[in-house]
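Let me begin by presenting the structure, written as structure tokens, before commenting on it.
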Amino acid sequence: MVPTNSLDSRPAAAGSFNLEAYLADRRLQVEAALDQALALRYPETLYESMRYSLLAGGKRLRPILCLATCELAGGSLAMAMPTACALEMIHTMSLIHDDLPSMDNDDYRRGRLTNHKVYGDDVAILAGDALLTYAFEHVATQTRGASPERLLRVVAGLGKAVGGEGLVGGQVVDLASEGNPDVTLETLNYIHNHKTAALLEISVTSGAILAGADEEAIESLRQYAQRIGLAFQIVDDILDITSTPETLGKSVGKDITAQKVTYPSLWGLEESRCQANQLIEAAKESLAEFGELNQPLLAIADYIVARTY
Ligand code: GRG
Numbered sequence: 001m002v003p004t005n006s007l008d009s010r011p012a013a014a015g016s017f018n019l020e021a022y023l024a025d026r027r028l029q030v031e032a033a034l035d036q037a038l039a040l041r042y043p044e045t046l047y048e049s050m051r052y053s054l055l056a057g058g059k060r061l062r063p064i065l066c067l068a069t070c071e072l073a074g075g076s077l078a079m080a081m082p083t084a085c086a087l088e089m090i091h092t093m094s095l096i097h098d099d100l101p102s103m104d105n106d107d108y109r110r111g112r113l114t115n116h117k118v119y120g121d122d123v124a125i126l127a128g129d130a131l132l133t134y135a136f137e138h139v140a141t142q143t144r145g146a147s148p149e150r151l152l153r154v155v156a157g158l159g160k161a162v163g164g165e166g167l168v169g170g171q172v173v174d175l176a177s178e179g180n181p182d183v184t185l186e187t188l189n190y191i192h193n194h195k196t197a198a199l200l201e202i203s204v205t206s207g208a209i210l211a212g213a214d215e216e217a218i219e220s221l222r223q224y225a226q227r228i229g230l231a232f233q234i235v236d237d238i239l240d241i242t243s244t245p246e247t248l249g250k251s252v253g254k255d256i257t258a259q260k261v262t263y264p265s266l267w268g269l270e271e272s273r274c275q276a277n278q279l280i281e282a283a284k285e286s287l288a289e290f291g292e293l294n295q296p297l298l299a300i301a302d303y304i305v306a307r308t309y
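With our numbering as the guide, the letters of the sequence shown map in order to residues 1 to 309.
And the structure:
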């Protein structure tokens, strides 16, 4: 049976798993928690700008992964929800900053005008800063039912995923590589392991850490996350070439215009799809020890390569 809206629903049993219903249910719960976590208040322009991007839709993949691994490890959705919301706040702030004229310079995101196009660069930068800092405050003050040691480990993991060893480091190397046709596969992997996979990794491991999973399980989940993380980025590069602005909700063809080396530019489209599929198969193998409880994570792995946006 597909889980319902209950805060403590368990993952569906093998063979009967309905990913579409599962994702829809989890998105609904994450949307409600995000809306509640970030009320409109003074100064209104700042909070409107934060809510504009945070509540603009998106796949909510990072929070859903965190909730899934918390359940997998025997925890509740309620226990992981503040971390799940924080992951989405961090992801959203990185999109706001990424879209700025001094970075990727995008006009559209999630099917609507980018934050700086509506609120101006100054407010967009500050909204990103406020979302980032609030994410940490929210996890630290709102998490219930996890020990202080586990909570501290999650907070430290979030910090590492965001900073110079994570998103920021990846973004700096990405910007420095623009227009350089000699970027190697090693550099490309560095960029995306940091820009994309690092946040997915803490999304996957944080839920399990909060629930008290043992180190072996956390390590298997880390391996799963690193593999889906790179596959996710390969698919992102493919969609930038093959999709439309209507489907993606943002500009397409950006990588070619910015003369970026991407997986398809190194390998071609067919080999890129093949590599993404291989990574997904390897990711699924990392979950063998979890038995039937691994159904949501297996299905999410398949979804990452099958997705159209
Ligand atoms: C984190 C302090 C700090 C600053 C930001 C701008 C920046 C540093 C990093 C860039 C990070 C970035 C934009 C990575 C790309 C990751 C990616 C593939 C995003 C698309 O994710 P989806 O498809 O988007 O899950 P939705 O809209 O569905 O949530």
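Quick reminder that beta carbons are idealized off the backbone N, C-alpha and C, glycines included.
All of these numbers come straight from a predicted model, not from anything done at the bench.
In this structure, the C-beta of K254 stays at least 7 Å away from each heavy atom of the ligand GRG. Between H194 and G166, the C-beta gap is smaller than 8 Å, which places the two residues in contact. DSSP assignment within the segment 155 to 201 yields no whole beta strand (DSSP E) run of 3 residues or more.
Of the other Cβ atoms in all chains shown, 16 or more fall within 10 Å of the Cβ of N294; this residue is therefore buried. The beta carbon of T247 sits closer than 7 Å to the beta carbons of T308, Y309 from its chain, once the five residues preceding and following it are set aside; these are given in chain order. Between A37 and L87, the alpha-carbon positions lie close to 13 Å from each other. With three or more CB-CB distances shorter than 8 Å, the segment 228 to 246 counts as touching the segment 262 to 275.
As computed with DSSP, Y108 is found in a beta bridge with L113. Within the same chain, D107 come within 8 Å of L113 by CB-CB distance, once the 5 residues on both sides are set aside.
In the displayed model, A225 falls within a helix according to three-state DSSP. Per the C-alpha coordinates, the member of S220, A127, G291, I218 positioned closest to T92 is A127.
Of the residues assessed, A32 falls on the exposed side of the cut-off, its CB having fewer than 16 other CB atoms within 10 angstroms. In the structure shown, G120 falls within a helical segment according to DSSP collapsed to helix, strand and coil.
In this structure, the straight-line span from the alpha carbon of G291 to that of E281 is close to 16 Å. In the structure shown, A73 adopts coil according to DSSP, grouped into three states. In this structure, G111 is the residue among D104, M79, G111 with its C-alpha nearest to the C-alpha of L55.
Inter-segment contact for the segment 235 to 253 and the segment 207 to 221 is absent: fewer than three beta-carbon pairs are separated by less than 8 Å.
When the five nearest sequence neighbours on each side are left out, the beta carbons in the same chain lying within less than 8 Å of the beta carbon of G170 are those of Y190, I191, H192, N193, H194, K195, T196, A198, in order along the chain. By alpha-carbon distance to Q223, the top candidate from A211, I202, H97 is I202. Annotation: the continuous alpha helix (DSSP H) that includes M50 extends over 44 to 54. Remark: the shortest separation between the CB of R110 and any heavy atom of the ligand GRG falls under 7 Å.
Remark: three or more beta-carbon pairs, one from each stretch, lie closer than 8 Å, so the segment 147 to 162 and the segment 202 to 216 are flagged as touching. Taking the CA atoms as reference points, I304 sits about 10 Å from I234.
Between the segment 135 to 146 and the segment 75 to 90 there are three or more C-beta pairs closer than 8 Å, enough to call the two in contact.
In this structure, DSSP gives P148 a helical state, which the three-state scheme calls helix. Taking every protein chain shown into account, the CB of E186 has fewer than 16 other CB atoms within 10 angstroms, so this residue is exposed.
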